[in-house]
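Following: one structure in structure tokens, then a few remarks.
There are 6 protein chains.
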Amino acid sequence: MKTAVYRRARFNAAHRLHNPVLSDEENAKLFGKCNNAHYHGHNYVLIVKVVGELDPVTGFVVDLKWLKELIKEHVTDRFDHKNLNLDTEEFKEVNPTAENIAKVCYQILRKHVGQELELQVRLFETENNYVEYPA
Amino acid sequence: MKTAVYRRARFNAAHRLHNPVLSDEENAKLFGKCNNAHYHGHNYVLIVKVVGELDPVTGFVVDLKWLKELIKEHVTDRFDHKNLNLDTEEFKEVNPTAENIAKVCYQILRKHVGQELELQVRLFETENNYVEYPA
Amino acid sequence: MKTAVYRRARFNAAHRLHNPVLSDEENAKLFGKCNNAHYHGHNYVLIVKVVGELDPVTGFVVDLKWLKELIKEHVTDRFDHKNLNLDTEEFKEVNPTAENIAKVCYQILRKHVGQELELQVRLFETENNYVEYPA
Amino acid sequence: MKTAVYRRARFNAAHRLHNPVLSDEENAKLFGKCNNAHYHGHNYVLIVKVVGELDPVTGFVVDLKWLKELIKEHVTDRFDHKNLNLDTEEFKEVNPTAENIAKVCYQILRKHVGQELELQVRLFETENNYVEYPA
Amino acid sequence: MKTAVYRRARFNAAHRLHNPVLSDEENAKLFGKCNNAHYHGHNYVLIVKVVGELDPVTGFVVDLKWLKELIKEHVTDRFDHKNLNLDTEEFKEVNPTAENIAKVCYQILRKHVGQELELQVRLFETENNYVEYPA
Amino acid sequence: MKTAVYRRARFNAAHRLHNPVLSDEENAKLFGKCNNAHYHGHNYVLIVKVVGELDPVTGFVVDLKWLKELIKEHVTDRFDHKNLNLDTEEFKEVNPTAENIAKVCYQILRKHVGQELELQVRLFETENNYVEYPA
């Protein structure tokens with residue numbers, strides 16, 4: 008049987024929900040106050056789950072210090088204190104909904120986590136709203 | 008791969024654990040102080056999980072504002088500040104254990120969430136006790 | 008300079024807000040859904056603060072095991088899984104608002120905590136509403 | 008002895024730390040990544056404390072439903088999903104540090120809370136940073 | 008469809024990460040400050056998940072009071088206020104990583120939970136690091 | 008009116024409650040399982056409060072990045088992943104109760120925080136037990 012390990016990280020960013028292929032009216036209708044042209048922001052909480060076999064020598068699935076640094080280098084240093092729509096390549100053309108942010112975080116991390124390991128991310132946008140990818 | 012979205016809601020209610028087909032002695036033995044004839048109560052926390060495909064236009068699985076309103080209209084407005092045993096149809100003949108409350112919340116919401124979407128509810132009765140349906 | 012120690016405890020109870028000297032209409036108007044005749048309930052969280060001098064031998068203000076037992080014996084065993092309006096002497100004629108519950112908890116504990124020690128209680132009714140006595 | 012009541016509320020906003028009387032270099036040096044020209048954001052948590060005498064008829068210091076609505080009308084509806092620097096009058100010329108946001112929330116609410124009541128606000132910018140005004 | 012019930016418990020223990028088959032240098036390199044010869048410690052949070060069919064008479068999967076006592080008798084009384092490396096049989100030759108502690112808790116509880124029930128444990132070592140067995 | 012700022016930090020350490028001037032029997036009686044000769048441990052949470060005047064240029068009481076680094080350099084780097092009784096000068100002859108740890112943290116930080124600023128520390132030993140110095 009496999010074991011899962013989880014690491015929690017945080018980043019604070021501004022965003023607006025906006026799909027440039029839609030009209031302003033459609034964006035306003037779909038996204039309401041989340042479409043505010045001047046942006047709003049969140050304290051995002053990211054939880055990264057890695058599933059694999061226990062290494063009998065270390066007693067680790069993966070070294071959580073390594074996972075902590077991986078998340079810092081590739082995700083939180085990239086997004087923390089940024090405007091997701093303006094300051095990042097990832098959301099120039101992708102609407103930064105919690106769902107899409109989780110998917111992007113997954114895709115970034117997937118390249119750096121060995122293929123023998125399963126990966127999943129959970130992203131909290133608020134204490135009441137959160138998402139998971141893949142489900 | 009699919010994405011999961013979660014919405015947290017809360018309601019405060021009174022209940023007692025009691026199965027009317029059992030004798031008072033059996034109820035007292037099975038349910039202990041939770042069988043108190045005058046009721047006790049909880050701050051229930053309900054987390055609703057919906058799993059589906061990401062809509063490429065909105066970047067949503069479902070609009071979380073819609074899910075928030077759905078939970079409010081069909082669950083929390085129905086149960087908040089109520090006595091579950093006395094004030095609700097659902098628990099007139101169903102023992103309001105956390106397990107049964109979760110199942111009832113699921114059954115209520117299932118009718119309003121499209122069949123292409125998976126649904127699961129988690130219900131916290133206390134910070135130490137919680138349940139999930141379906142598992 | 009003095010030191011404060013805090014102990015957190017919890018109890019789950021039913022109540023309704025109702026002042027028997029008022030008419031039903033006045034109670035309904037003042038207390039809204041909290042006046043529901045069949046009661047509702049909460050997971051109350053009680054935090055007891057004791058302030059005093061550090062004992063140089065033990066390094067304690069008071070033994071927190073003693074404080075834990077004191078709260079259990081005099082407060083949480085008394086109120087847990089009870090209907091505050093029906094099952095307790097304290098709230099037979101006192102409206103069990105969070106403010107009054109905190110004050111009653113303070114008055115109960117005050118008798119058992121040495122007069123050289125300051126005492127204060129904080130009571131959470133929900134994650135968004137809490138009170139403190141004395142302020 | 009008086010009683011304190013507390014109400015917690017939340018709002019999500021974008022901001023940047025920037026004092027327009029300083030040069031860009033000075034702003035960058037003083038505020039670091041919080042000075043990002045494109046803004047970042049937070050899930051602010053606001054806790055409002057009101058201290059007064061218990062009303063013997065209601066068992067309330069103030070009606071927490073009233074306090075909830077007051078905070079919503081005057082604070083969270085004003086700041087939620089806004090860019091504090093661009094979308095609000097209060098922070099056009101005031102640097103939106105947590106300290107200043109707390110002070111502004113206090114000043115707004117102070118006008119609507121009776122002078123016989125003491126008022127204090129606590130504002131969480133992150134789970135690790137928070138402020139209180141007045142201390 | 009089955010239902011899951013969860014029970015949360017806590018224990019405070021000292022440990023060090025150390026594999027006696029490795030040299031001191033290798034242990035220091037692998038485990039860093041977690042290898043401190045004098046130990047450090049944690050407030051471990053254990054969440055036990057049991058999945059099964061709802062009993063139509065009780066409305067329970069299993070009685071959570073029974074599960075609470077089971078965890079106390081077999082896990083938290085065994086590990087609380089202990090040095091995992093020195094005071095327990097389980098970790099005399101097993102490196103007490105969070106992964107291994109979770110696995111040991113699972114193996115202990117598995118013997119006492121009926122085979123018709125699925126079992127899983129989650130163990131928090133810190134608010135940012137946690138593991139789950141089986142995944 | 009002054010403003011308070013708070014910074015939260017964490018460290019994980021082993022300790023035992025033991026006063027070397029007392030006999031083993033007295034220590035065992037006073038401190039119970041906390042006296043375990045092989046130590047146990049905690050995830051300590053430290054909250055540092057600084058009270059002062061708002062700087063009109065920065066909108067800060069003190070720069071929270073500075074306070075974060077100060078706590079890291081002088082407190083958490085010193086105590087994290089340590090055995091407080093064996094690895095630290097501060098608790099060689101001082102019983103590491105939560106009260107004494109809070110007082111030591113205060114005394115360490117007091118030297119580095121300007122005398123025009125008030126200082127207070129709160130230390131959580133568990134989610135249910137915490138202390139504050141000075142009260």
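Protein chains in written order, with the working numbering: chain Z, 8 to 142; chain P, 8 to 142; chain A, 8 to 142; chain R, 8 to 142; chain D, 8 to 142; chain G, 8 to 142.
Ideal placement from N, C-alpha and C gives every residue a C-beta, glycine not left out.
Since we're looking at a predicted model, the values are computed, not measured.
{"Check": "With which residues is Leu130 of chain P paired in a DSSP beta bridge?", "Outcome": "P:Leu53 and P:Val138"}
{"Check": "Go through its chain and collect everything with a Cβ distance to Ile54 of chain D's Cβ below 6 Å, but skip five positions before and after it.", "Outcome": "Tyr13, Arg15 and Arg129"}
{"Check": "With a threshold of 8 Å between beta carbons, is Pro27 of chain P in contact with chain D?", "Outcome": "no"}
{"Check": "Determine, for Ala11 of chain Z, whether the minimum Cβ-Cβ distance to residues of chain D falls below 8 Å.", "Outcome": "yes"}
{"Check": "Within the 8 Å Cβ cut-off, does His49 of chain Z reach chain R?", "Outcome": "yes"}
{"Check": "Checking 8 Å against the spacing of the C-beta atoms, do Asn50 of chain G and Arg17 of chain G come in under that value?", "Outcome": "yes"}
{"Check": "Output needed for Asn19 of chain Z: all residues of its chain with C-beta closer than 8 Å, excluding positions within five of it in sequence on either side, in chain order.", "Outcome": "Gly48, His49, Asn50, Tyr51, Asp87 and His88"}
{"Check": "For Gly66 of chain G, which option in G:Asn42, G:Leu91, G:Ala109 and G:Lys9 has the closest C-alpha, if you only look at C-alpha atoms?", "Outcome": "G:Lys9"}
{"Check": "Over what stretch of residues does the beta strand (DSSP E) that includes Val11 of chain P continue unbroken?", "Outcome": "Note that residue 11 of chain P is Ala in the sequence shown, not Val. From DSSP, the beta strand (DSSP E) with Ala11 of chain P extends over Thr10 to His22."}
{"Check": "Check whether chain G comes within 8 Å of Ala21 of chain R, counting only Cβ atoms and requiring the distance to be less than that.", "Outcome": "no"}
{"Check": "Mind listing which residues of the segment 91 to 107 of chain P have their C-beta closer than 7 Å to chain D's C-betas, in chain order?", "Outcome": "Asn102, Thr104, Glu106 and Asn107"}
{"Check": "Considering only the beta carbon of each residue, do Ala105 of chain A and Asn135 of chain A sit closer than 8 Å?", "Outcome": "no"}
{"Check": "Would you mind giving the Cβ-Cβ distance between Val57 of chain R and Leu74 of chain R, rounded to the nearest angstrom? I have them listed as a contact below 8 Å.", "Outcome": "7 Å"}
{"Check": "Can you name, in chain order, every residue of its own chain whose Cβ lies under 6 Å from the Cβ of Leu91 of chain Z, other than the five neighbours on each side?", "Outcome": "Ala20, His22, Phe98 and Pro103"}
{"Check": "Between Val111 of chain R and the rest of its own chain, which residues show a CB-CB distance below 6 Å, the 5 nearest in sequence each way excluded?", "Outcome": "Glu97"}
{"Check": "Report the rounded CA-to-CA distance for His45 of chain P versus His25 of chain R, giving the unit in angstroms.", "Outcome": "58 Å"}
{"Check": "Could you run through the segment 106 to 139 of chain Z and flag, in chain order, every residue whose CB is less than 8 Å away from some CB of chain P?", "Outcome": "Glu106, Asn107, Ala109, Lys110, Glu134, Asn135, Asn136, Tyr137, Val138 and Glu139"}
{"Check": "In chain R, which residues lie with their C-beta within 9 Å of the C-beta of Asn43 of chain Z?", "Outcome": "Ala21, His88, Lys89, Asn90 and Asp94"}
{"Check": "Please list, in chain order, the chain A residues whose beta carbon lies closer than 7 Å to that of Ala142 of chain G.", "Outcome": "Lys9, Thr10, Ala11 and Val58"}
{"Check": "For Val82 of chain D and Ala11 of chain D, I'd like the C-alpha separation in whole angstroms.", "Outcome": "20 Å"}
{"Check": "Tell me where the alpha helix (DSSP H) around Gln114 of chain Z begins and ends.", "Outcome": "Ala105 to Arg117"}
{"Check": "So what's Asn34 of chain G in DSSP terms, helix, strand or just coil?", "Outcome": "helix"}
{"Check": "Rounding to the nearest angstrom, what Cα-Cα distance links Ile78 of chain G and Leu116 of chain G in this structure?", "Outcome": "7 Å"}
{"Check": "I need the boundaries of the alpha helix (DSSP H) containing Leu93 of chain R, first residue and last residue.", "Outcome": "Leu91 to Asp94"}
{"Check": "Name the DSSP bridge partner or partners of Gly121 of chain A?", "Outcome": "Note: Gly121 of chain A sits in no beta bridge, so no partner."}
{"Check": "Quick one: measure Cβ to Cβ for Leu61 of chain G and Val68 of chain G, integer angstroms, because I've assumed they're closer than 8 Å.", "Outcome": "6 Å"}
{"Check": "Here's a check: name, in chain order, each residue in its chain whose Cβ is nearer than 8 Å to the Cβ of Thr95 of chain P, leaving out the five neighbours to either side.", "Outcome": "Arg85, Phe86 and Lys89"}
{"Check": "Could you name the residues that DSSP lists as bridge partners for Val58 of chain P?", "Outcome": "P:Ala11 and P:Glu125"}
{"Check": "Tell me, which residues are paired with His47 of chain Z by DSSP?", "Outcome": "Z:His22"}
{"Check": "Output the distance between the C-alpha atoms of Asn42 of chain G and Gln114 of chain D, rounded to the nearest integer angstrom.", "Outcome": "29 Å"}
{"Check": "Nearest to Glu76 of chain D by alpha carbon, out of D:His119, D:Pro63 and D:Asp31?", "Outcome": "D:His119"}
{"Check": "In the DSSP assignment, find the alpha helix (DSSP H) that holds Glu76 of chain G and state where it starts and stops.", "Outcome": "Leu71 to Ile78"}
{"Check": "Using C-beta distances below 7 Å, list every residue in its chain close to Glu123 of chain Z, excluding the 5 sequence neighbours before and after it, in chain order.", "Outcome": "Gly59"}
{"Check": "Mark Val138 of chain G as exposed unless 16 or more other C-beta atoms lie within 10 angstroms of its C-beta, in which case mark it buried.", "Outcome": "buried"}
{"Check": "At a CB-CB cut-off below 7 Å, which residues of chain A make contact with Leu71 of chain R?", "Outcome": "Asn136"}
{"Check": "Quick one: what's got a C-beta closer than 6 Å to Phe38 of chain D's C-beta in the same chain, skipping five residues either side?", "Outcome": "Leu24"}
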